[in-house]
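Numbering (my numbering), first residue to last: -1 to 348.
Everything on this sheet refers to the single structure shown next.
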């Protein structure tokens, strides 16, 4: 089988040929039909997360070293099963829950395997979807997608599960208040679609790219705001009646978080998903005086993925912009994402 791997950080992905693996235990082999290209893949390519002021969190310090095959938004079909996986899994058309843990700790037992302290994520600790085949530890992590379009289904494995998990953190306030979404990328469009599917008021989309904002408006955003405009804050204030009560930051940069804090009302809730990097300095009295709630969100668990698949299967989820391209263009797709040229999601097709 062929896969495109990071053999050296910050260097082009390299095609690697290998034999199909021999399955053990509950493992299953998934023939990849589609694999999304996500910003997290860029961190894998770089080998680090940026912590601000020149500091980095190196993946190597956590035992994650090349060769690494990126890709965690995987749709495909189970074509082989291990001796303990059960023959009934054969032929299942599925998306892969990539965010697995040790399966032997209290965190995993309560269903939050994505928060396990011993992660085993596809495309990071395990070889991922920039490949013709992937090995999945158990068929329970292969969620049946039925007749869903495989490209639209693939993005549910990260964009979908992450934004659903994040949106749920805001609670019922979204029934009456718009969600300000910072970042009109793949996750931004998915969040926009989910808000509509869940019956919430809708979103004000914020970005620096007017082309992406135009696409967001066409996709159903209540309003769009270029955060580089001098009156961006004033626009948000007018659109929200004085300040945002709910902000979802899908960028996670110093500039985006500080913009979020500059536009919020009292008792606002800010959820950060993005991993662009940097540092945040907030005067501690702001938390009780404003009062301010800043919360992180790390993808979602298996139940979140099942729920977002069910929403998609109900027909309530609008398609998000995708660009299909051959697996051989994996490096080009990743570099275009790095340069901010991707609208929606690039989807690799082996």
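Beta carbons: idealized from backbone N, C-alpha and C, even for Gly.
Between the CA atoms of residue 229 and residue 108 - distance to the nearest angstrom | 46 Å
If you draw a straight line from the alpha carbon of residue 32 to that of residue 323, how long is it in whole angstroms?
-> 10 Å
Cβ atoms of residue 245 and residue 262: under 8 Å apart, would you say?
-> yes
So is residue 172 buried or exposed if we call it buried at 16+ other beta carbons inside 10 Å?
-> buried
Based on the DSSP output, what are the partners of residue 151 in its beta bridges?
-> Residue 151 pairs with nothing; no bridge assigned.
Would a C-beta distance cut-off of 8 Å place residue 331 and residue 30 closer than the cut-off?
-> no
Among 204, 128 and 197, which residue has its Cα nearest to the Cα of residue 39?
-> 128
Residues near residue 130 by beta carbon distance below 8 Å, same chain, minus five either side | -1, 0, 1, 29, 30, 325 and 348
Go through the region 110 to 165 residue by residue and report every complete run of the alpha helix (DSSP H) that reaches 4 residues or more, in order.
-> 148 to 152
With residue 29 as the anchor, note down where its beta strand (DSSP E) starts and where it stops.
-> 26 to 35
Can you tell me whether residue 100 is buried or exposed, with buried defined as 16 or more other CB within 10 angstroms of its CB?
-> exposed
Could you round the C-beta distance between residue 98 and residue 118 to whole angstroms and report it? I think they count as a contact, below 8 Å.
-> 5 Å
Out of curiosity, what's the CA-to-CA distance linking residue 232 and residue 104?
-> 46 Å
Do you know offhand how far residue 308's Cα is from residue 329's?
-> 32 Å
Assuming residue 80 contacts residue 23 under a Cβ cut-off of 8 Å, what Cβ separation, rounded to an integer in Å, is found between them?
-> 5 Å
Have a look at residue 237 and residue 67 and give me their C-alpha separation to the nearest angstrom.
-> 43 Å
May I ask you to report which of helix, strand or coil DSSP gives residue 224?
-> strand
Go through its chain and collect everything with a Cβ distance to residue 26's Cβ below 8 Å, but skip five positions before and after it.
-> 76, 78, 79, 80, 83, 87, 133, 134, 136, 137 and 140
Going by the CB atoms, is the gap between residue 187 and residue 217 shorter than 8 Å?
-> yes
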